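Mind the numbering: the sequence shown is residues 114 to 203 in our numbering, read in order.
Report on the structure given below.
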Amino acid sequence: MAAIESGTISEMIKYADDVRFPSKQDQKNEYENIQDDISETSLEKLVKITKTEYHAIIKYKQNNRDSTEITLPVIKKDDGWKIIVGEDIK
114 MAAIESGTIS
124 EMIKYADDVR
134 FPSKQDQKNE
144 YENIQDDISE
154 TSLEKLVKIT
164 KTEYHAIIKY
174 KQNNRDSTEI
184 TLPVIKKDDG
194 WKIIVGEDIK
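What follows is the structure, given as structure tokens:
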């Protein structure tokens, strides 16, 4: 979440599998063009689903609007834990 607030693209890509993009390069290109100001990120809750999957409930502000809460899957993969973006859980 610190990577999102600071805009550190390499860290965002390292810890996220963004299913909206077919490649890491496409993901990087899109992230470099993000104009949204995301702030006040917090992990509200981490719910264990299995030993290799959790659901992260994340709260954040975007462009100084009211807070938004989303639930994203967090999956253990060969190269570590990844937040799966573009597949939020309702």
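Note that CB positions come from ideal geometry on N, CA and C, so glycine has one too.
Please read these numbers as outputs of a predicted model, since none were measured by experiment.
Can you give me the C-alpha to C-alpha distance between Ser136 and Ile147, rounded to a whole angstrom? Straight-line spacing of the CA atoms in Ser136 and Ile147 works out to 17 Å.
Give the range of the alpha helix (DSSP H) segment to which Glu157 is assigned. Segment 151-163 is the beta strand (DSSP E) holding Glu157; no alpha helix (DSSP H) there.
Identify which residue in Ile122, Tyr128, Asp150, Tyr173 has its Cα closest to the Cα of Thr184. Nearest C-alpha to Thr184: Tyr173.
Would you mind working out which of Ser152, Glu153, Thr163, Met125 sits nearest Glu145, comparing C-alpha positions? The option with the nearest alpha carbon to Glu145 is Met125.
Would DSSP call Asp139 helix, strand or coil? Assignment of Asp139 by DSSP, reduced to helix, strand and coil, places it in the helix class.
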